[in-house]
Structures are given as C-alpha cells and as structure tokens.
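Start counting the sequence shown at 3; every next residue gets the next number (my numbering).
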Amino acid sequence: MWFLCAHCLFAQTKPETAPPLAADDTAAPTASPAFSIPPTPSPPHKLDIDTIAAIPLEERRAFLAKLSADERVKFARQVRDLPPTGQTNGKINALFMGWSVVDPVAAIENAKGFPTPRTRTVATEAIAYGMEPKSAGIMVQSLRTLSQDALDPEAKERLLGLSIVKWSQVDPAAAAHSLAELYPDAPSRLAKPGGGDGVFLTATKGVATNWGATDPHAALGWFQKKSEPEDLFAVENVILGWWQKDHTAAAAYVSAHVGTAGEREVAGVMADAMAEQDPRVATDWVKWNKDDRSRRRAQLRIADIWASKDPRAAAKWAAGLPAEEGKSAMSVVASRWAQNDTQATAKWLDSLKGSLRDAAIAGFASATAGRDYAFAMGWAMKISDPQSKERLSKAIATQWLRLKPNEARPWIQSSKMPEDQKKQLLGSD
C-alpha cells in the first residue's frame with residue numbers, strides 16, 4: 003500500500019483527457035441527425051510512431067512488452083529522430099511512460115541519448131512518473147551520476163526528489179540515506195529562501211511519512227539523532243505516517259513523549275490529524291497537555307478544522323473551554339464559519355452574549371473585512387468591550403483607508419466612533 007503517493011507531492015505530467023463538454027452537449031438529443039454523436043474510434047491495433055500517444059497506458063505497456071529489447075531500442079531511435087515539436091514531446095512521454103515498467107534500466111539509458119536537455123528531461127520525467135517504486139532506486143542513482151548539462155538543474159532536482167519519495171515506499175531507509183547525501187548542506191539551505199528547499203522539504207516529508215507507516219521506530223531513530231533544522235519537521239511526518247497505519251500505537255507513543263517543546267509540537271500535529279478524522283477525539287487528546295502555549299495552539303487548530311466541518315458543534319465546544327482559551331477558539335470558529343457562510347454566521351452571532359460574543363465578532367469582522375469593509379466595521383462597532391472595539395475598528399479602518407480611502411473616509415466621518423479616534427485615523431480632516 004502506498005501511504006503517501008509521490009504524485010501528491012510533485013507536479014506531474016497531465017494525462018491526456020477528452021475536452022470538456024460544452025453547455026449544449028449536455029442537452030437531450032434532438033431528432034435531427036446533425037446532432038448525432040459519432041462512433042468512438044477503435045483504438046490502434048499496433049504500436050507505431052503515429053499511434054503511440056493515442057494508445058492507453060496499459061495497452062502501450064503490453065505492446066512494448068511484446069517487443070524484444072533491440073526492437074524497443076530501435077523504436078526509441080525513431081522517436082528520437084522526430085522534429086523537435088510539442089507533438090514529438092508527447093510521443094516521447096508516451097513511449098517512456100510505458101517503457102519505465104517494462105524495462106526501466108533500458109529506458110533510463112535510452113533517455114540519456116536524446117539530443118537536447120529538453121527532450122532528455124521529457125523522457126526522464128516520464129520514466130520517473132511511470133516507474134514502479136521498486137525501480138526508483140535505480141532512477142536515483144542514474145540521476146545522481148548524470149553530467150551537469152544533461153538535464154535542466156531544477157528539473158533534475160525535482161525528479162530526484164520524486165524518485166526518492168517513490169523509493170521510500172519500498173525501502174525508506176535507503177531513500178533517507180540518499181536524501182541525506184544529496185543535501186549535506188541542509189542547515190544552510192534552510193537558513194535562506196529558495197535554492198530548491200521546497201523540493202528538499204517535500205522529499206523529506208514524503209520519506210518520513212512513508213517510513214513512519216512501515217517502521218516508525220527506525221524512522222524516529224534516524225531523524226531524532228540528526229541535529230539539522232528539518233529534524234522536528236521530519237519527526238512530525240513520521241508520526242503522521244504511523245498514525246495513518248496504526249492510530250492507537252502512534253497516539254500512545256506521542257502521549258508518552260511530551261517532555262520537550264519539540265515533542266509537544268509533535269503532539270499538536272497529532273491533534274491536527276485527529277481533528278481531520280474526529281474533532282471530538284482531538285479535543286480529548288489535548289486536555290492532558292500541561293504546556294499552555296502548545297495546548298492553546300492545538301485547540302486553535304482543532305477549532306479551525308472542526309468549524310470547517312461542523313461550525314455549530316465547534317462553537318459549542320469552544321464555549322465550554324476555560325475563559326481565555328474559549329474566547330480564542332470562538333474567534334477562530336467565527337472566522338472560519340464566516341468564510342463558508344457569512345449569513346448563517348451573522349445570525350449565530352446575535353445569539354451570543356458577553357465576552358464570547360465579542361471574541362466571535364472579532365473573528366467574524368476580521369474575516370469579512372477584505373470583502374466588505376463597511377460591513378465588517380459595522381460589526382466591529384457592536385463589540386461591547388471598549389478596548390477591544392477600539393483596537394479592532396482601528397485595525398480594519400486603517401487597512402480600509404490604505405486600500406480604498408475614498409470609501410473609508412466618509413464612512414468613518416459619519417460613524418459613531420469616538421471623535422478622538424476619528425481624528426487619529428483621518429488626521430486633520
């Protein structure tokens with residue numbers, strides 16, 4: 003079983019699909035023969051240069067499997083000699099997607115023989131996406147030994163990351179070692195933006211998650227002994243991979259390891275995973291956390307996830323939390339609910355009272371400000387606590403004045419805001 007699909011981690015070549023139906027195509031057919039649907043053409047019965055891109059992948063692989071090794075190489079030469087066009091690239095992609103399963107070693111070697119970095123990249127990319135996980139280690143070794151000008155550097159790094167993640171589905175320990183060798187400068191790479199760090203982090207996530215699903219203790223041992231900045235990030239994903247495979251064991255491990263700030267952060271990530279599956283389980287999970295900061299962060303994440311699924315239930319839970327924690331969670335619930343259903347959220351706000359209502363209004367007004375500043379300001383002015391009202395209304399008004407001053411100024415001037423606050427916002431006006 004693939005616990006983390008490599009195709010979810012990296013952009014992939016889009017499969018050929020039929021064009022979408024136009025609006026008229028969905029209408030009931032009329033009696034006129036002019037609107038009759040033509041018969042679907044039969045698929046090609048043989049593999050050749052003209053038909054290869056039209057043959058479904060599994061059939062294409064079956065055709066290639068029937069050829070001898072020499073015949074496949076000869077066919078690849080014919081494709082290689084085609085003029086450099088987008089249609090040719092489609093044929094290269096079709097050939098190597100099929101070949102990657104039939105004989106990945108030969109496919110990789112023949113991809114190297116294409117004349118330009120672009121066509122080599124098309125062929126190599128097709129192999130990386132088409133190959134089975136058991137072949138991914140071969141691809142990693144091949145990519146690492148390519149000359150610098152063989153592929154575009156960014157494409158090479160992306161394909162290496164994809165191949166390492168796919169490899170980790172069958173041999174995560176080897177994939178992790180290869181990733182560490184590929185990025186010996188991980189700390190410096192993470193210290194500044196860019197430089198392929200997105201590929202590095204995505205590959206780390208994929209390897210850690212896949213390893214956590216198959217041998218979590220080995221994965222934890224590997225990543226925890228490292229002192230690099232991605233350590234906690236990787237451990238979190240090991241736990242998530244473990245959670246996907248064995249909820250009970252993963253939760254028991256995390257419950258027994260909450261002594262450090264990093265471990266408590268992992269517990270928060272676990273809360274996210276639980277909340278996605280069952281928010282009520284997640285709320286019980288965070289109760290034992292005695293670290294106020296990490297517990298409250300976990301509660302806010304639960305509030306956001308739960309509110310996206312069942313805002314009324316999330317609000318009821320938030321209302322039962324201790325005072326400050328309840329207000330923070332209620333604000334998040336209102337914000338998320340407002341993004342999904344502004345009208346229902348506004349109606350719900352009118353049913354609240356006291357500090358919880360003020361907190362909910364703050365989340366609601368902040369969430370709606372970008373769409374309708376006057377509407378958001380009207381709600382902000384309903385907050386009962388004077389300091390909270392002033393703080394929020396000032397923040398929204400300042401943003402409104404910066405983005406749409408011609409709308410904001412007359413509204414503020416005619417509003418019931420205190421005169422000194424108006425002067426502060428509008429200056430001498």
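The beta carbon of each residue, even a glycine, is placed where N, CA and C say it ideally should be.
Beta-carbon gap between residue i and residue j smaller than 8 Å
| i | j | result |
| --- | --- | --- |
| residue 83 | residue 119 | no |
| residue 256 | residue 241 | yes |
| residue 341 | residue 369 | yes |
| residue 97 | residue 81 | yes |
| residue 55 | residue 88 | no |
| residue 63 | residue 107 | no |
| residue 100 | residue 66 | yes |
| residue 297 | residue 283 | no |
| residue 358 | residue 328 | yes |
| residue 364 | residue 351 | no |
| residue 237 | residue 222 | yes |
Assumed close pair residue i, residue j - CB separation to whole angstroms, cut-off 8 Å
| i | j | result |
| --- | --- | --- |
| residue 129 | residue 109 | 5 Å |
| residue 215 | residue 243 | 4 Å |
| residue 139 | residue 187 | With 8 Å as the limit, residue 139 and residue 187 do not qualify as a contact, their Cβ atoms being about 23 Å apart. |
| residue 201 | residue 160 | 6 Å |
| residue 334 | residue 313 | About 10 Å separates the two Cβ atoms, so there is no contact after all. |
| residue 277 | residue 303 | 7 Å |
Selection from the options that minimises the alpha carbon distance to residue i
| i | options | result |
| --- | --- | --- |
| residue 331 | 345, 348, 299 | 299 |
| residue 394 | 58, 427, 181 | 427 |
| residue 337 | 318, 367, 323, 163 | 367 |
| residue 218 | 203, 254, 183 | 254 |
| residue 226 | 309, 265, 250 | 265 |
| residue 280 | 335, 179, 262, 309 | 309 |
| residue 168 | 183, 152, 211 | 211 |
| residue 423 | 399, 407, 406, 405 | 399 |
| residue 371 | 311, 131, 391, 402 | 402 |
| residue 360 | 375, 376, 325, 116 | 325 |
| residue 136 | 85, 102, 357 | 102 |
| residue 149 | 429, 122, 391, 373 | 122 |
| residue 258 | 236, 339, 291 | 291 |
| residue 406 | 328, 388, 85, 376 | 376 |
| residue 95 | 125, 207, 221 | 125 |
| residue 177 | 391, 166, 305 | 166 |
| residue 249 | 132, 273, 385 | 273 |
Contact test: residue i Cβ vs the ligand GTP heavy atom, cutoff 7 Å
| i | result |
| --- | --- |
| residue 176 | This structure simply doesn't include the ligand GTP, nor any ligand for that matter. |
- Query: What residue ranges within the region 227-274 form continuous alpha helix (DSSP H) runs of no fewer than 4 residues, ordered along the chain?
  - Reply: 233-247, 249-257
- Query: Whole beta strand (DSSP E) runs in the region 306-374 with 3 or more residues, listed along the chain?
  - Reply: none
- Identify every run of the beta strand (DSSP E) within the region 40-116, keeping only runs that are complete inside it and at least 3 residues long; order them along the chain. none
- Could you name each continuous alpha helix (DSSP H) segment of 4 residues or more that falls completely within the region 124-188, going from the start of the chain to the end? 138-147, 155-169, 174-184
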